[in-house]
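Peer 1: Quick one: the structure is below, and I'll ask about it shortly.
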Amino acid sequence: MDDRKLLEHKVARRSVLGGLAASLAAGVAATADTLAPKVAQAATAPAEVPSIPGYDWSKHAWAYGVDATKCIGCLRCVEACKAENDVARDPHHFRTWVERYVEIEGEETARIDSQADPVNIAASSSEGTYRFADRYKDEKVHKAFFVPKLCNHCTHPACVQVCPTGATFKTDDGVVVIDHTYCIGCQYCVQACPYGARFFNAELQVTDKCTWCYHRITKGLQPACVEVCPVEARIFGDRNDKNSAISKFIADNRVTVLRPETGNAPNVFYVGLDKEVI
Amino acid sequence: MEQQFLPAVYTGFVYPNETVFPWGVLIVVYPYLTGLVAGAFTVSSLYQVFGLRQLRPVAHLALITSLCCMIFVPSPLLLHLGHAERAFNAVFTPHWSSAMAMFGYFAGFYIILLLLETWFVFRPYMVEQATLRKDWLGKVYNIFCLGSHDVSEKALAADKKWIFALAIIGIPSAHGLHGYVGFIFGSLKSREWWSSDLMPLIFLFSAIISGVALLIVIYIVSCKLRRVPVDVACVKGMGYTLWGFVMFTLLLEGVEFGSLTYKGREGIDMILLFVTTRLVIPFFVLQFTIGAVVPILILSFMFWHGTTGRRLVTGILLSALLVLFNVIMMRFNVVIGGQEIAKTGKGLLYFPWEIFGREGVLAAAGVLTAPFVLLSLLVRLLPPWHDEIDPDHATA
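Taken in sequence, the protein lines are chains D and P.
Per my numbering, the first sequence runs over residues 472 to 749.
Per my numbering, the second sequence runs over residues 74 to 469.
If you want it as structure tokens, here you go:
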């Protein structure tokens, strides 16, 4: 199925609803026979079908890599994502974020914070720009590292499984997206995601999440977070292309995924995680 | 843009997006109302299907209580949705793998079933009123009769068969509806506090005890308001039912909690910290001790001691009120408590209370009150009372 068909599918789905409403209003039983022509008619209406020139989603298998050993916690990725995708400029809504793990001598578990931590927000003196506060300068740190996080675009996404309307779905090229015009805003998917990757978009009153910048990748561009990373800690590409950066990243490293026990089968592959990472 | 959400305060580490609670007090009210529906229907079925004659005085009251609650079950969900106007997307184009998509079908089916059973049960009364009354209300009853004015013995026998059949279908429907609500929580693997195979069963049994308790309260209060004697045998029957089901519910909750802590999977440290600090009052004191242990002790003492008359009625009423409190605390501790334990397993959040607003406490209180306002009107239109009781059973 290509992007055109995805949109056709969406149009057809809405027509079922519209058809039913019309049928009910007319006092006519809404049978499959009466609806079928309406669906077909709507699906072929040319005005409803935008297209992405030169893009065929059946030919791609997108995946994402994170080399946690390279991340320097500069948070350009987080800011770029917010700007690119118009994400609320507050410390409660993120399509991507960065976690900092700091192990201090004499302590059994790592101290963890993200750019959204109130101390870090205070240090950045803005809720829209981010930096990690130098809060451990007086401690004896023996290990510290950063872990970028985002939607894992799982092969078996729990969020898609629970969505009551199918407003969130997995595309043929491996991206989990949300149809904001169809989402009812129940937030069951927010509950179901074990990674905390989803949030409620208060402005649109629907759920929201990372799309790997679907509007960019279908035009041959990189996701905004990958584009701005100064140390190539974030890698993105097509697994169907054996020479792509992501294929090489997965082939050349011993990669792992977050929470494999959930059975979600994430498609964000990590290098350099520690037992503390959740 | 004006901030339209209340961020939560937290300790430890939580994912940044977790600081906004997805579900608030409206989603506490939703399973509570659904539970009352299932529980009240159970009381009705105990008479209609299982022939517990003792419960005759409350059988019809139970049925219309169930109906009144069911009519308002969708309201907390609709108030919660970001786009309530799209709610029917889940019905007309359901996503079959979603438990939530089944709600519209379950609820729709069950409301129709309740309406049908109520119609059959009150048809003779409506026919009588349509004939006797010459005012506008008579016309209303006439419309409600739907052209079916035959109250011959044969017709009433046919009605009885319908009522029996509907009550039988209603048992799995009511309990399925509520077991399914438990499944909505229990099937999520993202939260250890919810992710339990016993969750549907726990929801189901807590539903039954809430419905029985509600009927006890409504029956006794209505008798006092109408200045008619309370049927002690009926109240005692409901008291025994409550006693048995509360003990079984406690057992299930104990097994679930024991299993959760014994397995001790990832994140259990945070759960234990939560349970032994923040949950001590709402869970151990309010839900477990005051809401369940105290009523069991009161009921056990009275049944063992052979208490009767006004004392028995007062004791059972008090126990029922405590059980109603137990179940709403259980719903709160599951829905809100589950979200207070961060998915990271390394942090705890504090639920930000909202009083006003679409999802605030006042809205939830309104939703919870509405069924009883409707019930107080409906009992005037369709009196469910059976006051011809055995004088030996009555108390002042």
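For every residue, glycine included, the Cβ atom is placed at its ideal position computed from N, Cα and C.
So, helix, strand or coil for D/G743, using DSSP?
Peer 2: If DSSP states are grouped into helix, strand and coil, D/G743 belongs with coil.
Peer 1: Taking one C-beta from the region 391-403 of chain P and one from the region 289-305 of chain P each time, how about it: are there three or more such pairs within less than 8 Å?
Peer 2: With a cut-off of 8 Å, the region 289-305 of chain P and the region 391-403 of chain P count as touching, because enough Cβ pairs lie within range.
Peer 1: Give me the Cα-Cα distance between P/K227 and P/W266, rounded to the nearest whole angstrom.
Peer 2: So the two alpha carbons sit approximately 55 Å from each other.
Peer 1: Any residues in the region 563-577 of chain D with a beta carbon nearer than 7 Å to a beta carbon of chain P? Which ones, in chain order?
Peer 2: Here the close residues are H563, H564, F565 and W568.
Peer 1: Under 7 Å, CB to CB, which of the residues in the region 86-106 of chain P have a partner in chain D?
Peer 2: Answer in chain order: F86, Y88, P89, N90, E91, T92, V93, P95 and W96.
Peer 1: Is there a C-beta anywhere in chain P that falls below 8 Å from the one on D/V677?
Peer 2: So, interface residue.
Peer 1: Please state whether DSSP places P/W96 in a helix, a strand or coil.
Peer 2: If DSSP states are grouped into helix, strand and coil, P/W96 belongs with coil.
Peer 1: Run the CB neighbour count on D/P701, radius 10 Å, all protein chains shown included, and call it buried at 16 or more, exposed below.
Peer 2: It is exposed - the Cβ of D/P701 has fewer than 16 other Cβ atoms within 10 Å.
Peer 1: Using three-state DSSP, classify P/D304 as helix, strand or coil.
Peer 2: In this structure, P/D304 counts as strand in the three-state DSSP scheme.
Peer 1: Cβ closer than 9 Å: which chain P residues qualify as neighbours of D/T733?
Peer 2: Within chain P, the residues near D/T733 are K262 and S263.
Peer 1: Using a Cβ-Cβ cut-off of less than 8 Å, give me the residues of the region 146-163 of chain P that come near chain D, in sequence order.
Peer 2: Those would be L150, H153, L154, G155, H156, A157, R159, A160, F161, N162 and A163, in chain order.
Peer 1: Does any residue of chain P have a CB that is nearer than 8 Å to the CB of D/T502?
Peer 2: Note that D/T502 scores 36 on pLDDT, short of 50, meaning its location in the model is unreliable and no value can be drawn from it.
Peer 1: What are the start and end residues of the alpha helix (DSSP H) that includes D/I717?
Peer 2: A716 to D723 is the extent of the alpha helix (DSSP H) around D/I717.
Peer 1: Does D/C681 get closer than 8 Å to chain P when you measure Cβ to Cβ?
Peer 2: It does not: the Cβ of D/C681 has no partner Cβ on chain P nearer than 8 Å.
Peer 1: Can you tell which of P/L390, P/K262, P/V434 and P/P273 has its C-alpha closest to the C-alpha of P/H251?
Peer 2: Cα-wise, what sits closest to P/H251 is P/P273.
Peer 1: Using DSSP with H/G/I as helix, E/B as strand and the rest coil, what is D/T678?
Peer 2: D/T678: strand per DSSP, three-state reduction.
Peer 1: So the candidates are P/V408, P/A172, P/R453 and P/V87; which of them puts its Cα closest to the Cα of P/W96?
Peer 2: Looking at the Cα atoms, P/V408 is the closest of the given residues.
Peer 1: Exposed or buried, what is P/I354 when buried is set at 16 or more other beta-carbons lying within 10 Å of its beta-carbon?
Peer 2: That one is exposed.
Peer 1: Can you pull out the residues from the region 429-463 of chain P whose beta carbon lies closer than 9 Å to at least one beta carbon of chain D?
Peer 2: Here the close residues number zero.
Peer 1: Which residues, in chain order, does the region 582-615 of chain D contribute to contact with chain P at a C-beta distance below 7 Å?
Peer 2: So the close ones are I583, D584, S585 and A587.
Peer 1: So, for D/E579: in the same chain, excluding its five sequence neighbours on each side, which residues have a beta-carbon less than 7 Å away from its beta-carbon?
Peer 2: Around D/E579: no qualifying Cβ.
Peer 1: Does DSSP put P/V82 in a helix, a strand or coil?
Peer 2: Note: P/V82 maps to strand in three-state DSSP.
Peer 1: At a cut of 8 Å, does the region 654-666 of chain D reach the region 152-160 of chain P through at least three beta carbon pairs?
Peer 2: Yes: at least three Cβ pairs fall under 8 Å.
Peer 1: Between the Cα of P/R196 and those of P/K207, P/V213, P/E339 and P/Y183, spot the shortest distance and give me the residue it belongs to.
Peer 2: It is P/V213 whose Cα lies nearest to the Cα of P/R196.
Peer 1: Roughly how far, in whole angstroms, is the beta-carbon of D/H563 from the beta-carbon of P/P80, given that I think they are within contact range, below 8 Å?
Peer 2: Right, their Cβ atoms sit about 5 Å apart.
Peer 1: Tell me whether the region 135-146 of chain P and the region 443-451 of chain P touch, counting them as touching only if at least three CB pairs, one residue from each stretch, are closer than 8 Å.
Peer 2: Verdict: yes, contact present.
Peer 1: Assign D/W568 to one of three DSSP states: helix, strand, or coil.
Peer 2: The answer is strand: DSSP assigns D/W568 an E or B state.
Peer 1: Mind reading off the beta-carbon distance from P/H133 to P/V194? Whole number of angstroms is fine, and I expect it under 8 Å.
Peer 2: Right, the Cβ-Cβ distance comes to about 6 Å (below 8 Å), so this counts as a contact.
Peer 1: Does the Cβ of D/P762 have 16 or more other Cβ atoms within 10 Å, making it buried, or fewer, making it exposed?
Peer 2: No answer is possible for residue 762 of chain D: the residues shown for chain D start at 472 and end at 749.
Peer 1: Quick one: which residues of the region 616-650 of chain D get their C-beta closer than 7 Å to a C-beta of chain P? List them in chain order.
Peer 2: Under the 7 Å Cβ criterion, the region 616-650 of chain D contributes A629, Q632, V633, C634, P635, T636 and G637.
Peer 1: Distance cutoff 8 Å, beta carbons only. Does P/M173 sit that close to anything in chain D?
Peer 2: Cβ-Cβ to chain D under 8 Å: yes for P/M173.
Peer 1: To the nearest whole angstrom, what separates the beta carbons of P/T115 and P/A247, a pair I think is in contact under 8 Å?
Peer 2: Rounded, the Cβ-Cβ distance is 7 Å, consistent with contact.
Peer 1: Are the C-beta atoms of D/F707 and some chain A residue less than 8 Å apart?
Peer 2: Here the protein chains are D and P, and chain A is not one of them.
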